[in-house]
Amino acid sequence: MNILVSPSPTRLAFLARNISRHSTKPLNFNRFAALNNPPTRKFSSNTWYLNSSHSPRSRFPLNQAKSPGSKADEKEEGISFIDENISIEYPESDELPRTPIIQGRGGRHFKRTLAQFSLEESVTVVTGGASGIGLAISQGIVASGSHLAIVDMNRDEAHTQTEKLLEQFKRENPGIQRMPKVTSHFADVSNPSSVDHAIADIIAKQGKIDNLVTCAGFTENFSAITYPHDRMQKLWGVVVDGTYLFTAGVAKHLIQRQAAGNMVVIGSMSGAIVNVPQPQAPYNAAKAAVRHLAASLAVEWASHDIRVNCISPGYILTALTRKILEENAEFGDKWISLIPAGRVGSPEDLMGAVVFLLSDSAKYITGADLRVDGGYTLT
Numbered sequence: 000m001n002i003l004v005s006p007s008p009t010r011l012a013f014l015a016r017n018i019s020r021h022s023t024k025p026l027n028f029n030r031f032a033a034l035n036n037p038p039t040r041k042f043s044s045n046t047w048y049l050n051s052s053h054s055p056r057s058r059f060p061l062n063q064a065k066s067p068g069s070k071a072d073e074k075e076e077g078i079s080f081i082d083e084n085i086s087i088e089y090p091e092s093d094e095l096p097r098t099p100i101i102q103g104r105g106g107r108h109f110k111r112t113l114a115q116f117s118l119e120e121s122v123t124v125v126t127g128g129a130s131g132i133g134l135a136i137s138q139g140i141v142a143s144g145s146h147l148a149i150v151d152m153n154r155d156e157a158h159t160q161t162e163k164l165l166e167q168f169k170r171e172n173p174g175i176q177r178m179p180k181v182t183s184h185f186a187d188v189s190n191p192s193s194v195d196h197a198i199a200d201i202i203a204k205q206g207k208i209d210n211l212v213t214c215a216g217f218t219e220n221f222s223a224i225t226y227p228h229d230r231m232q233k234l235w236g237v238v239v240d241g242t243y244l245f246t247a248g249v250a251k252h253l254i255q256r257q258a259a260g261n262m263v264v265i266g267s268m269s270g271a272i273v274n275v276p277q278p279q280a281p282y283n284a285a286k287a288a289v290r291h292l293a294a295s296l297a298v299e300w301a302s303h304d305i306r307v308n309c310i311s312p313g314y315i316l317t318a319l320t321r322k323i324l325e326e327n328a329e330f331g332d333k334w335i336s337l338i339p340a341g342r343v344g345s346p347e348d349l350m351g352a353v354v355f356l357l358s359d360s361a362k363y364i365t366g367a368d369l370r371v372d373g374g375y376t377l378t
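Under numbering that gives the first Met the number 0, the first residue of the sequence shown carries the number 0, and numbering increases by one thereafter.
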């Protein structure tokens, strides 16, 4: 005997949403008017965009669905495929678009919040801190009361951004009596001796290290069978080796001091899912390694009162990502259609998450993987 059960209103809404997302009809992007700002909120936090010619409000043209009789290489819209013809090589450091300092992040405000969120008097190291999400995270850390050591492969850019960060902080805190100490340091994070030298230099200038955020990394797009082996080795060296070398080096320092410490490694949602349409198998595998490395170190170092957590961002609109989207508008169409929040993220979306995991508010959290992806990995 067959028993028919009527689906609940919640289930019907879920089915309707998923059917519409995978329909061959063009998507309605009216609710996605801004890439990284919901239409119901006034766009005010990212004031540095206002003077940019690359507005995050720009729309991407819709992809047109292919007809049912299209050729095999003409993939039908709404089905997730990897396009093996996509090839994007990460630019050299001097060719990277400069990341502007975010305004309005001085740290002085009069809104009530828990004192446990403060990073007052701690010293935090951020690798890859001279650009992209690393620079935004660096600002959030300084705004939360910590001293800061920016580590980057681009020595000049690290120095320049250190000065700009301090200038911005001073402008937003007129009359402040005590400025945070912000220093810049060079390191090739994939090289053990370079990492050791950088850590020693930080300790010499800052006196100690309490917190670490590993942001150094990059991604490239080549099909799996054409991926240049030397590029894959470089990627793994920066993403996996770099994360391991810095976490191990800072842990050694903390254990020698018999001091508690906090680490946040920046993973990616790519460590849990497969991105489309761009091919990036080595990057996805590297970020999966980083995520599990964080969990393993969290268990190993728990007895030393060292917490290790992972943050896995989704698509974040950095200066480099914006440049890629300008040259490959179809990426934006696909990405947004798969994000329940209806937008790609802003670097600022990671500030609070990192500060939370470094602070005493998260002192019973270790080995966690916090997804900051607008719900991408849920669907």
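The beta carbon of each residue, even a glycine, is placed where N, CA and C say it ideally should be.
All values derive from a computational prediction rather than experimental measurement.
Beta bridge counterpart(s) of residue i as assigned by DSSP
i	result
His184	Val150
Thr126	Val150, Thr213
Pro312	Val371
Arg265	Per the sequence shown, the amino acid found at residue 265 is Ile instead of Arg. In the DSSP output, where bridge partners are listed per residue, Ile265 has Ile310.
Gly174	Paired residue(s): none; Gly174 is not in a bridge.
Ile305	Gly260
The alpha helix (DSSP H) enclosing residue i, as first and last residue numbers
i	result
Arg290	280-300
Asp368	Run containing Asp368: none in the alpha helix (DSSP H); it sits in the beta strand (DSSP E), 368-371.
Arg342	Per DSSP, Arg342 belongs to no alpha helix (DSSP H) and is neither H nor E.
Glu325	318-326
Val273	Unbroken run through Val273: none, as it is neither H nor E.
Thr135	Here the sequence assigns Ala to residue 135, which means Thr is not the residue at that position. Counting along the chain, the alpha helix (DSSP H) containing Ala135 begins and ends at 131-142.
First through last residue of the beta strand (DSSP E) which encompasses residue i
i	result
Gly351	Run containing Gly351: none in the beta strand (DSSP E); it sits in the alpha helix (DSSP H), 350-357.
Heavy atom of the ligand PLP within 7 Å of residue i beta-carbon
i	result
Val263	The model on display carries no ligand, and the ligand PLP is accordingly not part of it.
Rounded Cβ spacing between residue i and residue j (contact assumed at less than 8 Å)
i	j	result
Val150	Leu165	Contact doesn't hold; Cβ gap of about 17 Å is too wide.
Val237	Ser189	5 Å
Gly380	Ser311	Since the displayed the chain opens at 0 and closes at 378, residue 380 lies outside it and no answer follows.
Met268	Gly341	No, Met268 and Gly341 are not in contact; Cβ-Cβ is about 16 Å, not under 8 Å.
Ile389	His252	In the structure as shown, the chain starts at 0 and stops at 378, and residue 389 therefore has no counterpart that could be examined.
Ile254	His303	5 Å
Ala157	Ser183	4 Å
Pro281	Met231	5 Å
Which parts of the region 186-244 are runs of the beta strand (DSSP E), unbroken and 3 residues or longer, counting only runs that do not cross its ends?
210-213, all fully within the region 186-244.
Three-pair Cβ contact test at 8 Å for the region 317-336 versus the region 363-371
Between the region 317-336 and the region 363-371 there are fewer than three inter-stretch CB-CB distances shorter than 8 Å, so the stretches are not counted as touching.
Assess contact between the region 255-271 and the region 288-300, defined as three or more Cβ pairs (one per stretch) separated by less than 8 Å. Is contact present?
At 8 Å Cβ cutoff, the stretches touch.
Are the region 236-243 and the region 298-310 touching by the rule of at least three beta carbon pairs closer than 8 Å?
Note that the region 236-243 does not touch the region 298-310; fewer than 3 beta-carbon pairs, one per stretch, sit closer than 8 Å.
Under 8 Å: do the region 203-212 and the region 119-128 share three or more Cβ pairs, one atom per stretch?
The answer is yes - the region 119-128 touches the region 203-212, with three or more Cβ pairs under 8 Å.
Three-pair Cβ contact test at 8 Å for the region 122-134 versus the region 151-161:
Contact between the region 122-134 and the region 151-161 is present: 3 or more CB-CB pairs across the two stretches fall below 8 Å.
Say whether the region 271-290 touches the region 343-355, bearing in mind that this needs 3 or more beta-carbon pairs closer than 8 Å, one atom from each stretch.
In short, these stretches do not touch, since the Cβ pair count stays below three.
Is there contact here, the region 350-369 with the region 130-146, by at least three beta-carbon pairs under 8 Å?
Touching, yes, given that three or more Cβ pairs across the two stretches are closer than 8 Å.
Do the region 218-232 and the region 273-285 touch if we need at least three Cβ pairs shorter than 8 Å?
Cβ pair count under 8 Å is three or more, so yes.
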